[in-house]
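Novice: Just passing along the structure, written as structure tokens.
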Amino acid sequence: MIRSNLRLRALIVSAIAFTFCASRPSAAQQDHPLSIGANYTYLHTNVVPGCDCFSMNGGGAQVEYGLRPHLSLLGDFTATHEGGITPDHYDLTQFTFAGGIRYRSAISFHRIQPFGDLLFGVAHTTGSLSPDNTGFGSSTAFAFQTGGGVELRLSRRWTLVPVQADYLLTTFSNGADNHQNDLRISAGLLFRLRQ
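Residue numbers (this note's numbering): 105 to 299.
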């Protein structure tokens, strides 16, 4: 009799514990949304020393994981390219891989919300105008990116980013000051995978 009571109590405690644990992931999913995004990117660069600067076009992808209501972890990958930069048709392709944080303002205007990013990572270039060309036509350097923009919530899952402007610092060796100050402007869409 005592053993059956102990077993019944153990079964009830196990059921309560299982119910509690099973309900935790859905709460965590609500607290920590996961989003992916894609964008068009315009980059105005001075990666080549002494140049008049030139523009590159491309796109990128983002992954965002919410930590708190206004703070997220952000991963960003961008690729831009320009051909025919010089009369000899030199070209340049630049990739940036960066991670950091995104902060959304607590103040929003209807469905419009401002945000700011702070990211660190690496930049990689290929092509005939790649800085510090080693004969393989590529170079890799530190990258720092900061800026912000606005989001327009279209639905529960879709968000439009009509404009984002960032300062992009890279440290490619160029025989002069060994850093580049670039302007990056982008626009794209975010899709929330998990609420």
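Note that the Cβ used here is the ideal one computed from N, Cα and C, for glycine as well.
Since the structure is predicted, the reported quantities are computational estimates derived from the model, not experimental observations.
Three-state secondary structure (DSSP) at asparagine 143?
Specialist: Asparagine 143 falls in the strand class under three-state DSSP.
Novice: Just to confirm before moving on: does the CB-CB distance between leucine 93 and threonine 250 stay below 7 Å?
Specialist: What is shown of the chain runs 105 to 299, which leaves residue 93 out entirely.
Novice: Where aspartate 286 and phenylalanine 248 are concerned, what is the direct C-alpha to C-alpha distance, given to the nearest angstrom?
Specialist: In a straight line, the C-alpha of aspartate 286 is about 10 Å away from that of phenylalanine 248.
Novice: Would DSSP call isoleucine 189 helix, strand or coil?
Specialist: It is coil, neither helix nor strand.
Novice: Count the other C-beta atoms from every protein chain shown that fall within 10 angstroms of the C-beta of alanine 280, then say buried if there are 16 or more, exposed otherwise.
Specialist: Exposed: under 16 other Cβ atoms inside 10 Å.
Novice: Classify threonine 275 as helix, strand or coil using the three-state DSSP reduction.
Specialist: Residue state, collapsed to three classes: coil.
Novice: So, for isoleucine 189: in the same chain, excluding its five sequence neighbours on each side, which residues have a beta-carbon less than 7 Å away from its beta-carbon?
Specialist: Counting only Cβ-Cβ distances below 7 Å, and skipping sequence neighbours, we find Phe158, Asp195, Leu196 and Leu233.
Novice: Going straight from the alpha carbon of alanine 165 to that of glutamine 217, what length do you get?
Specialist: If I take the Cα positions, the gap works out to 20 Å.
Novice: Helix, strand or coil for proline 173, going by three-state DSSP, please let me know.
Specialist: Here proline 173 sits in coil by DSSP.
Novice: What residue range is occupied by the uninterrupted beta strand (DSSP E) comprising tyrosine 207?
Specialist: Tyrosine 207 -> beta strand (DSSP E) spans 196-208.
Novice: Within this structure, are the beta carbons of serine 242 and phenylalanine 276 separated by less than 7 Å?
Specialist: Contact: no.
Novice: Within the same chain, show all residues whose beta-carbon is closer than 7 Å to that of alanine 210, passing over the 5 residues directly before and after it, in chain order.
Specialist: The answer, listed in chain order, is His174.
Novice: Leaving out five residues on either side along the sequence, give the residues of the same chain with a beta carbon under 7 Å from the beta carbon of leucine 297.
Specialist: Leu138, Ser139 and Ile140, listed in sequence order.
Novice: Comparing alpha-carbon positions, which option in Thr200, Pro191, Gly187 and Glu186 lies nearest aspartate 270?
Specialist: If we check each option's Cα against that of aspartate 270, Thr200 comes out closest.
Novice: Got a sec? Which residues, its chain only, sit under 6 Å from leucine 258 by beta carbon, not counting five neighbours each side?
Specialist: For leucine 258, where only same-chain residues beyond five positions count, the Cβ hits under 6 Å are Leu264.
Novice: Shorter than 7 Å from the beta carbon of valine 267 to some beta carbon of chain C?
Specialist: Among the chains of the structure shown, chain C does not appear; only one protein chain is present.
Novice: Hey, how far is the Cα of tyrosine 169 from the Cα of glycine 204?
Specialist: Tyrosine 169 and glycine 204: Cα-Cα distance of roughly 11 Å.
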